[in-house]
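Since the structure comes first, as structure tokens, the remarks are kept for the end.
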Amino acid sequence: EWLESEFNKPASLYLNDLLTRAAGGENIDVYAHRAVLWNNMIGANDQLRTRMLFALSQLFVISDDGFYGATPQVGYYLDVLSKNAFGNFRDLLEEVTYSSAMSRYLTYWRNEKGDPVTGRMPDENYAREVMQLFTIGVVELNQDGTSKLVNGKEVETFTNDDVEGLAKVFTGLSWDGPNFYQEQNADTHHQRLVMFDYMHSPEEKRFLGTVIPANTGGDESVKIALDTIFAHPNV
23 EWLESEFNKP ASLYLNDLLT RAAGGENIDV YAHRAVLWNN MIGANDQLRT RMLFALSQLF
83 VISDDGFYGA TPQVGYYLDV LSKNAFGNFR DLLEEVTYSS AMSRYLTYWR NEKGDPVTGR
143 MPDENYAREV MQLFTIGVVE LNQDGTSKLV NGKEVETFTN DDVEGLAKVF TGLSWDGPNF
203 YQEQNADTHH QRLVMFDYMH SPEEKRFLGT VIPANTGGDE SVKIALDTIF AHPNV
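Just remember that the numbering used here sits 22 ahead of the position in the sequence shown, which is counted from 1.
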């Protein structure tokens, strides 16, 4: 009964709180979210959800250093974790992927498609970490969490080819606006990234035994990629 009561309590949210404080004349610096978070950790009504938010923040790690952006980005990210604390892992994975704070930290914000003329390759940071740190890990696992062994050796879950193929998926994401390089208004509520297909890699994408055909749209490519990762037995 206590768990059901905690599940049903309204979620403590962060972005609107920060924006309301700013609108009221309070000085909101790049670390203002920290005070709001710790106040909720101590005194909020939804204590189980707040603890889940904290636990998830230790898995889906970002930096709240001002170098990576303004405090509204972190406020929105905390909202993502709070709203999805008792939900489906696949939904959470998608909202984290499309969040401004994660994209700034793991460098796929404004990640451009490859250019064979200049030799530019898509940034591989998020492609590697979303597998290695957030989901499947580096070795195949049995259902009890022990490592699968083939001839006495552990089996790696992915190769660098998988990273390169998946990196093409996370291209074309930027802030909402008229173009890929739109600058974000500091007061905007739109912290969820949008896809700009003209900056998304049109190439075939191969990873984890999945093939995304050439010229598949950006959002569809992300959906296929996250579905593939979510369906992995390690997850």
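Here a beta-carbon is modelled for each residue, glycine too, at the ideal position from N, C-alpha and C.
Neighbour flag for residue i against chain D, beta carbons, 8 Å
i, result
"GLY47", "The chain inventory of the structure shown lacks chain D, comprising one protein chain alone."
Among the options, the one whose alpha carbon lies nearest that of residue i
i, options, result
"TYR127", "ASN201, VAL152, VAL216", "VAL152"
"GLU146", "GLY187, LYS245, THR250, TYR99", "GLY187"
"PRO32", "ILE64, ASP101, PHE229", "ASP101"
"THR129", "ASN173, PRO138, THR119", "THR119"
"VAL52", "GLY91, ARG73, ASN61", "GLY91"
"ILE251", "GLN154, ASN61, PHE218", "GLN154"
Residue i, DSSP secondary structure in three states
i, result
"ASP137", "strand"
"LYS227", "strand"
"ARG20", "Here the chain covers residues 23 to 257 and nothing more, so residue 20 does not appear."
"SER196", "strand"
"SER121", "strand"
"ASP70", "Note on identity: in this sequence residue 70 is Leu, with Asp being the wrong assignment. Helix."
"ALA208", "Note that ALA208 scores a pLDDT of 46, beneath 50, so its modelled location is shaky; the value from the coordinates is reported in the next line. Here ALA208 sits in coil by DSSP."
"LYS31", "coil"
"VAL160", "coil"
"SER85", "coil"
"GLU176", "strand"
"LEU215", "coil"
Close Cβ partners of residue i (< 8 Å) along its chain, the five nearest in sequence each way excluded
i, result
"ASP39", "VAL58, GLY97"
"GLY167", "none"
"HIS55", "TYR36, LEU40, ASP86, THR93, VAL96, GLY97, LEU100"
"VAL233", "GLU226, LYS227"
Residue range of the alpha helix (DSSP H) that includes residue i
i, result
"ILE234", "Element bounds for ILE234: not the alpha helix (DSSP H) but the beta strand (DSSP E), 232–234."
"GLY240", "240–252"
"TYR99", "93–105"
Euclidean distance between Cα positions of residue i and residue j
i, j, result
"PHE29", "GLU226", "42 Å"
"VAL191", "ASN237", "11 Å"
"ASP241", "ILE64", "39 Å"
"GLU178", "GLU162", "6 Å"
Beta-carbon proximity list for residue i, same chain, < 7 Å, skipping 5 on both sides
i, result
"MET143", "GLY136"
Close beta carbons around residue i, own chain, < 6 Å, minus the five adjacent residues each side
i, result
"ALA189", "PRO144, GLU146, ALA149"
Proximity test, residue i beta-carbon vs the ligand ATP heavy atom, cut-off 7 Å
i, result
"GLU116", "In the structure shown, the ligand ATP is absent, as is every other ligand, since no ligand is present at all."
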